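There are 2 protein chains.
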Amino acid sequence: MRESDICEIRNLPIFADMAESAFARLHRGAYVQTFPPQVDLFHEGEASDFLHVLTAGQVELFATWNRRETTMEIVTPVSSFLLAATIQDAPFLCSARTLEKSRVVLLPSENVRDVFDEDRAFARAVVRELAASYRGVVKSSKNIRLRSSIERLANYLLRYQDLAGGAESFALPLEKRKIASLLGMTPENLSRALRTLGEYGVQNDGQSITICDRGPLLRLAKPARLIDDPSS
Amino acid sequence: MRESDICEIRNLPIFADMAESAFARLHRGAYVQTFPPQVDLFHEGEASDFLHVLTAGQVELFATWNRRETTMEIVTPVSSFLLAATIQDAPFLCSARTLEKSRVVLLPSENVRDVFDEDRAFARAVVRELAASYRGVVKSSKNIRLRSSIERLANYLLRYQDLAGGAESFALPLEKRKIASLLGMTPENLSRALRTLGEYGVQNDGQSITICDRGPLLRLAKPARLIDDPSS
DNA sequence: CTAATCTCTTGACAATTATCAAGTGAACTT
DNA sequence: AAGTTCACTTGATAATTGTCAAGAGATTAG
Numbered sequence: 059m060r061e062s063d064i065c066e067i068r069n070l071p072i073f074a075d076m077a078e079s080a081f082a083r084l085h086r087g088a089y090v091q092t093f094p095p096q097v098d099l100f101h102e103g104e105a106s107d108f109l110h111v112l113t114a115g116q117v118e119l120f121a122t123w124n125r126r127e128t129t130m131e132i133v134t135p136v137s138s139f140l141l142a143a144t145i146q147d148a149p150f151l152c153s154a155r156t157l158e159k160s161r162v163v164l165l166p167s168e169n170v171r172d173v174f175d176e177d178r179a180f181a182r183a184v185v186r187e188l189a190a191s192y193r194g195v196v197k198s199s200k201n202i203r204l205r206s207s208i209e210r211l212a213n214y215l216l217r218y219q220d221l222a223g224g225a226e227s228f229a230l231p232l233e234k235r236k237i238a239s240l241l242g243m244t245p246e247n248l249s250r251a252l253r254t255l256g257e258y259g260v261q262n263d264g265q266s267i268t269i270c271d272r273g274p275l276l277r278l279a280k281p282a283r284l285i286d287d288p289s290s
Numbered sequence: 059m060r061e062s063d064i065c066e067i068r069n070l071p072i073f074a075d076m077a078e079s080a081f082a083r084l085h086r087g088a089y090v091q092t093f094p095p096q097v098d099l100f101h102e103g104e105a106s107d108f109l110h111v112l113t114a115g116q117v118e119l120f121a122t123w124n125r126r127e128t129t130m131e132i133v134t135p136v137s138s139f140l141l142a143a144t145i146q147d148a149p150f151l152c153s154a155r156t157l158e159k160s161r162v163v164l165l166p167s168e169n170v171r172d173v174f175d176e177d178r179a180f181a182r183a184v185v186r187e188l189a190a191s192y193r194g195v196v197k198s199s200k201n202i203r204l205r206s207s208i209e210r211l212a213n214y215l216l217r218y219q220d221l222a223g224g225a226e227s228f229a230l231p232l233e234k235r236k237i238a239s240l241l242g243m244t245p246e247n248l249s250r251a252l253r254t255l256g257e258y259g260v261q262n263d264g265q266s267i268t269i270c271d272r273g274p275l276l277r278l279a280k281p282a283r284l285i286d287d288p289s290s
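These protein sequence lines are chains E and C, in that order. The working numbering numbers the first residue of the first sequence as 59 and each following residue consecutively. The working numbering numbers the first residue of the second sequence as 59 and each following residue consecutively.
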């Protein structure tokens, strides 16, 4: 593992506060891999021998059943993923593939479990990270259960406008078919929903979205802190 | 807090391995409450000052948005709930109400966070419990995203037949409208789905379900370890 | 440059799911 | 015992969502 990779992940909340010696034990035997786009990293059901940290690129976590597939989450740098499977030493519930050229740091799961017992700061950070992930999935579940697809889309657009600094126009961060899958709908349905949102002040051209007036969209979306705010 | 309550929760995996002194610090200032059925315990958005442990009865965790409501989980004894909110010191994402007369042990959240830092066995148990909860929500999310309502119902029935020891006939563990809400469907829809399952060997009379032949139902439900097995 | 591939869009249609209204039967209240 | 309430069921209908097919436009490979 190169010095630059070590530095990069060291600043993550999950590693930031731990002792240097514990961090060294954690990344002993770790390695880094670079993948081209559209590569499968692992498949659901496999054993999770490494905690993964994405340092560059984009990774999709998806699940399959009966020839159906759904996007569970998009991982963006710099963040860890698969913490729960690592802790439990249990098989992955999701599969993963790169969407862009990606760089992944792999920390042996055994190290994670060992150092968890030895370093309090790390233990605290791990449990906080896990609690945050848990709350993230619960929010996503509420989103799917309580809202129709057009309501989910409206909230998605508002969130990404905020992330884009509130600019009237911004680019969608993903292919539309991935957005559709993430929102639990078909690409056809997404296409039609975007047209319908024209009546609510949303203009769409390719990957570009323009929201001329947030008012109508907000009245439709009714964003709620306990569903849409990632920090609460 | 009475001696019997202390014993009861002490045997939970989350408390079983910790030192006696740590356990004592944990339940200092704890108390126990008994609630009649249909009582609201707390509402989403409120601060989580206590880790809850249900020792008797049944509690529903539900979420609301825009006058809609959905059941997120049914808590059965003996188990803890609200661990993630406790750890993060963050507001509840769900509301809770009793479905039966229930007994709840309340452990101050501050104690949980403090003892987490002091007792390794407890820290390990907390993180494992949280990881298990996380994986539970992910499975539930896969269930909702990848399956139609009748497929979810078919899997639900098969699971409860197993829990009932595999007997041909067994009683539903909840009111049908709660089952409907848990499965993300309306009561009307559940009623019709149960009729449809008649073609798959399911007989229903009130709270009683009889599955004369699991074959057809299994072919419809296609249960998967990574969605339906709570232990994997 | 051309052909092939792929995403996105649109239309027609089908399946799924929800809503509204009414009726039945059981449990509970007075 | 009679009345009330409530869960559940059923029918009719509407809304939502998915499927299939075809075509436009962009990108990529040769």
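By construction, the Cβ of each residue, glycine as well, lies at the ideal position given by its N, Cα and C atoms. Note that the structure is a prediction, hence the values are computed from the model and not measured.
Where C:F150 sits in the DSSP three-state scheme: Looking at C:F150 - three-state DSSP - the assignment turns out to be coil, as it is neither helix nor strand.
Measuring straight from C-alpha to C-alpha, what distance separates C:S266 and C:I237? C:S266 and C:I237: Cα-Cα distance of roughly 14 Å.
For the alpha helix (DSSP H) that contains C:N201, what are its first and last residues? It spans 178–204 - the alpha helix (DSSP H) in which C:N201 sits, taken as one unbroken run.
So is E:N124 in contact with chain C if we call contact Cβ pairs under 8 Å? Between E:N124 and chain C, the shortest Cβ-Cβ separation is below 8 Å.
Under the three-state DSSP convention, the category E:N169 falls into: Correct three-state label for E:N169: helix.
From what residue to what residue does the beta strand (DSSP E) around C:L109 run? Start and end: 108–114.
Going by the CB atoms, is the gap between C:T128 and C:G242 shorter than 8 Å? Going by beta carbons, C:G242 and C:T128 fall inside the 8 Å limit.
Between C:P149 and chain E, is the shortest Cβ-Cβ distance under 8 Å, so that the two count as touching? Interface criterion met: the Cβ of C:P149 is under 8 Å from a Cβ in chain E.
Grouping DSSP H, G and I as helix and E and B as strand, with all else coil, what is C:S266? It is a strand residue.
Would you call the CB atoms of C:S160 and C:T144 closer than 8 Å? No, these two residues do not count as a Cβ contact at 8 Å.
First and last residue of the beta strand (DSSP E) that includes E:Y89? Counting along the chain, the beta strand (DSSP E) containing E:Y89 begins and ends at 89–93.
From E:T244, E:L240, E:E226, E:E246, pick the residue whose C-alpha is nearest to that of E:R272; which is it? It is E:E226.
With a threshold of 8 Å between beta-carbons, can E:L255 be considered close to chain C, or not? When Cβ-Cβ separations below 8 Å define contact, E:L255 makes no contact with chain C.
Nearest neighbour of E:Y192, chosen from E:P288, E:A82, E:K280, E:D263 [CA to CA]: Measuring from the Cα of E:Y192, the nearest candidate turns out to be E:P288.
State the start and end residues of the unbroken beta strand (DSSP E) segment that holds C:S138. Note, C:S138: beta strand (DSSP E), 137–139.
Do you know offhand how far C:S138's Cα is from E:S137's? Straight across, the Cα-Cα distance linking C:S138 with E:S137 is about 29 Å.
So for C:S249, helix, strand or coil by DSSP? C:S249 falls in the helix class under three-state DSSP.
Paired residues, beta bridge with C:F120 - DSSP: Looking at the DSSP output, C:F120 bridges to C:T129, C:S153.
For E:L216 versus E:P274, is the C-beta distance shorter than 8 Å? In this structure, E:P274 does not lie closer than 8 Å to E:L216 by Cβ.
Residue range of the unbroken alpha helix (DSSP H) whose run includes C:D286: It spans 283–286 - the alpha helix (DSSP H) in which C:D286 sits, taken as one unbroken run.
Can you find the residues in the same chain that come closer than 7 Å, C-beta to C-beta, to C:Y89, ignoring five residues on each side of it along the sequence? Closer than 7 Å at Cβ, skipping near neighbours: M59, L164.
Have a look at E:D263 and C:V185 and give me their C-alpha separation to the nearest angstrom. E:D263 and C:V185 have their C-alpha atoms some 46 Å from each other.
Per DSSP, what kind of secondary structure is E:D75 in: helix, strand or coil? In this structure, E:D75 counts as coil in the three-state DSSP scheme.
Beta-carbon proximity check, E:V170 vs E:A80, cutoff 8 Å: No. Outside cutoff.
Beta-carbon contacts of E:L131 that lie in its chain and below 6 Å, excluding the five residues immediately before and after: A small correction: the amino acid at residue 131 of chain E is Glu; Leu does not occupy that position in the sequence shown. The beta carbon of E:E131 lies closer than 6 Å to those of L119 in the same chain, with the five residues before and after it left out.
is_contact[C:L300, chain E] using C-beta, thresh 8 Å: In the structure as shown, chain C starts at 59 and stops at 290, and residue 300 of chain C therefore has no counterpart that could be examined.
Coarse secondary structure for C:L164, derived from DSSP in three states: Strand.
Could you tell me whether the Cβ atoms of E:F100 and E:A154 are closer together than 8 Å? Cβ distance < 8 Å, so E:F100 and E:A154 count as in contact.
Taking all protein chains shown into account, do 16 or more other C-beta atoms lie within 10 angstroms of the C-beta of E:C152, making it buried, or fewer, making it exposed? E:C152 comes out buried.
Have a look at C:V97, C:E176, C:D175, C:H110 and flag the residue whose alpha-carbon is nearest the alpha-carbon of C:T156. Nearest option by C-alpha distance: C:V97.
Taking Cβ positions, are C:A222 and E:A181 nearer each other than 8 Å? No; because the gap between Cβ atoms is not below 8 Å, this pair is not in contact.
Give the straight-line distance between the Cα atoms of E:V111 and E:V162, rounded to the nearest whole angstrom. About 6 Å.
In chain E, what lies closer than 7 Å to C:L70 by C-beta? Near C:L70 there are no residues of chain E at all, since even the closest Cβ is about 17 Å away, more than 7 Å.
Would C:A148 pass as a contact of C:M76 if the rule is Cβ separation under 8 Å? Contact: no.
Count the other CB atoms, across all protein chains shown, that sit within 10 Å of the CB of C:A212; report buried if there are 16 or more and exposed otherwise. It counts as buried.
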